[in-house]
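For reference, the structure discussed in these notes is given below.
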Amino acid sequence: ADVVAWLFSLANLVGVDMEEAIKKYRAGCPKCGHIPCVCEETQQ
Numbered sequence: 007a008d009v010v011a012w013l014f015s016l017a018n019l020v021g022v023d024m025e026e027a028i029k030k031y032r033a034g035c036p037k038c039g040h041i042p043c044v045c046e047e048t049q050q
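Counting the sequence shown from 1 gives a position; our numbering is that position plus 6.
Laid out in structure tokens, this is it:
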């Protein structure tokens, strides 16, 4: 729980909207759709 709180605090400091980030990546990478992302693997 401390790590999550730290992450949210850091995101807040640099202006990242964590709610939007979670929505964007909830279903996986927005580009390839996989969890974890395989974009690098498919580009080789």
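Virtual Cβ for every residue (Gly too), placed ideally from N, Cα, C.
None of these values were measured; they are calculated from a predicted model.
Query                                                                               : Result
Span separating the alpha-carbon of A27 from that of E47                            : 23 Å
Alpha-carbon spacing of V10 relative to L19, whole angstroms                        : 14 Å
Own chain, CB closer than 6 Å to I6, minus 5 neighbours either side, in chain order : With the chain running from 7 to 50 in the structure shown, residue 6 is simply not present.
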